[in-house]
Every structure is written in C-alpha cells, then in structure tokens.
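In this note's numbering, the protein residues as written are -19 to 290. Below is one structure; the comments refer to it alone.
Shown next, in the form of structure tokens:
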C-alpha cells in the first residue's frame, strides 16, 4: 500500500492542476483583503485560457451545430465540479431557448444525488460511464463533451473512449497540457489556468474557465440553430412572470407592439415569441406565419427575408 501511495504522489505532482501556486503561499497568514486580492488577480487567468482556445471553440461549435441539425443530441459528462457544470449548462437550455430537455443533457457520475453531495469515489468507476451513456441511447449521431480538469478521470475517459468507438463527435475539456494527459479526441480543448490558489481545488480557476467555455459553446450553438435574433432570446420558454415580461419587452423592442398586443399575440401563438414576432413584423396570420417559419427551418431572420422577397 505504501508503494501505491508513493507512486500516486509522484503522478499527482506532475499534473499542473495539482502543483503549488507560489503567489498564494502562506495563504492562511493573509488578511481578508490580501486573500480577496489574490483571488481577484488569479481570476484573470480563466479569461486568458479561453482566449487561447478560440480556434478549438469555433471548431467545436460548428461541428456540434451540424450534428444537432441532423437530429443529434449534445451530452456533457463529468464528475464532481466538472459534472455539475455540465448539468448546470444543460439545464439552462430549455428555459432560455425552449429546447426539448433531451437535446442538451448533462450527466454526472452518481446522478442527481451527486449534484448536492460529494461522491468522489465514483470518479474511478469507469464502467458506470458507459452504462450512463447507454441508458440515454447515446449513438453515433450524438456529441459528447467529456469534462475532466485533470485530463485523467477514469469515468470521463471511459465515456470518451466509448463515444469514439461509436464514431460520435467526441470533445474533451481539460485544464492540463498534453504532457500531463494525452487526449485523442475529435476536438481537444485545453483551458490552461495553472496551479490553483488552493492547490488542487479545480472548482476555482479551472472551474471558472470551464463554465466560460460551456457558456460560449451552448449559446453559440443555439444562435446557429436560429434561437436568437440580434441579441435577444426569441425562443425563450414563457414559464413565469419574469419571462413573460421579457417576452413582452422583446416584442416591444423588435416588433414595435404594445403590451396589450404582445399578450394577445403570445396567447395566439401558445407563447411562441418567435412566431409572435413574425406576425407582428409581417402582418401574416398564425397559420401562414407558422408555415413560413417551418419553411425557414425555424430561423426568424430567414423567414423575414423570404417574406420581403415575396
């Protein structure tokens, strides 16, 4: 057992995310002001890390969009913080873009209980990752983004290998250089944020960079799928008062209609902001507007161009 512990220590010491951050040495002796300033300075690194992988993000977004247009689905998979970030991003897609909950899914080792309770031991259970994907009928049409800060999490690596075996689009997000972990996937996104302020706590800089990358990926894909007009979420799900107010605001700003008209349009279209906008901007009836949107593959801008051309 002592030899195993020694070997494990040697391996961990070679991983960038486990190294010691010299700027936060003697952290426990610092004043509150000093601690906050150390964090503030360190949190500039995630932005730089994201900027360095813009080409990989662009490639991922375009490839994911192409798969989703062919009825594929997007899956995030991870353990601990990485898994929670994937679940968080996936769960925001239905209310923001009115997507089917099946379109973008987050998988965390251990399922729902792991969202609120740590279950680190599951990281090493590689076999359950494949079962988790099979339970969701994961296939070659789908996309898998495996999130592993260390680049070595057995659960995630197993999922990535299974995805590759099916010839599905396979993407990895990690926070270590290739010298620490070789990841042979279709797209390899490495968010290098360096050693953490609290050594090994990848919920910090690595987690922040990962959240930023996921924000960019999912939002950009939804833009490409026609769920955004200008910078407005025209496919939002009007499921509460706040979102109703937002929908009314969108119709006012883009469609130039008052609150009363907005509410009437939303009732006619079963809460579809996009369809309501098309009606407001074109004067078409619901049936014709719906047909034009369908012919335009759900893209409002395309539908408006077709309307003007006719």
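For each residue, glycine too, the CB sits at the ideal point set by N, CA and C.
Per-residue burial, residue i [other beta carbons within 10 Å of its own, 16 or more giving buried]
i	result
residue 111	exposed
residue -15	Residue placement at residue -15 is poorly supported in this model, since its pLDDT is 44, which falls under 50; the coordinates still yield a value, given next. Its Cβ having fewer than 16 others within 10 Å, residue -15 is exposed.
residue 16	exposed
residue 116	exposed
residue 25	buried
residue 235	buried
residue 244	exposed
residue 133	buried
residue 2	exposed
residue 145	exposed
residue 219	exposed
residue 187	buried
residue -18	Low confidence applies here, because residue -18 scores a pLDDT of 38, under 50, leaving its location unreliable and the question unanswered by this model.
residue 59	buried
Sequence-distant residues of the same chain with beta carbon closer than 6 Å to residue i, five excluded per side
i	result
residue 90	99, 102
residue 162	none
residue 215	77, 78, 207, 254
residue 29	171, 172, 173, 189
residue 109	135, 138, 139
residue 249	255, 256
residue 149	43, 47, 123, 166
residue 202	77
Residue i: first and last residue of the uninterrupted alpha helix (DSSP H) it sits in
i	result
residue 55	Unbroken run through residue 55 is the beta strand (DSSP E), 54 to 58; no alpha helix (DSSP H).
residue 340	Outside the displayed span of the chain (-19 to 290) sits residue 340, for which this structure offers no information.
residue 289	280 to 289
residue 137	134 to 145
residue 199	185 to 204
residue 113	106 to 114
residue -1	Looking at the DSSP string, residue -1 is not in any alpha helix (DSSP H), and its letter there is neither H nor E.
residue 266	266 to 275
residue 234	221 to 235
Residue i and residue j closer than 8 Å at C-beta
i	j	result
residue 44	residue 67	no
residue 84	residue 54	yes
residue 258	residue 231	no
residue 172	residue 39	no
residue 175	residue 27	no
residue 50	residue 169	no
residue 20	residue 177	no
residue 272	residue 209	no
residue 194	residue 69	yes
residue 64	residue 95	yes
residue 52	residue 71	no
residue 141	residue 120	no
residue 127	residue 57	yes
residue 23	residue 185	yes
Same chain only: Cβ atoms within 7 Å of residue i, ignoring 5 sequence neighbours per side
i	result
residue -11	Low confidence applies to residue -11: its pLDDT is 48, below 50, so where it sits in the model is not reliable, and the reading given next is rough at best. Excluding sequence neighbours, residue -11 sits near nothing in its chain.
residue 183	61
residue -5	130, 156, 160
residue -13	Low confidence applies to residue -13: its pLDDT is 47, below 50, so where it sits in the model is not reliable enough to give any reading.
residue 261	235, 284
residue -8	Note that residue -8 has pLDDT 47, beneath the 50 cutoff, so the model's placement of it is unreliable and the number below is only indicative. Around residue -8: -2.
Neighbourhood of residue i by C-beta, 8 Å cutoff - its chain only, sequence neighbours within 5 removed
i	result
residue 42	204
residue 80	74
residue 18	3, 4, 7, 10, 177
N-terminal and C-terminal residue of the beta strand (DSSP E) that residue i is part of
i	result
residue 153	149 to 154
residue 169	167 to 170
residue 126	123 to 127
Residue i Cβ short of 7 Å to the ligand HEM heavy atom set
i	result
residue 99	In the structure shown, the ligand HEM is absent, as is every other ligand, since no ligand is present at all.
C-beta neighbour in chain B for residue i, strict 8 Å
i	result
residue 57	No chain B appears in this structure, which consists of one protein chain only.
At which residue ranges does the segment 22 to 92 contain complete alpha helix (DSSP H) runs of 4 or more residues, listed in the order of the chain?
25 to 32, 34 to 49, 60 to 77
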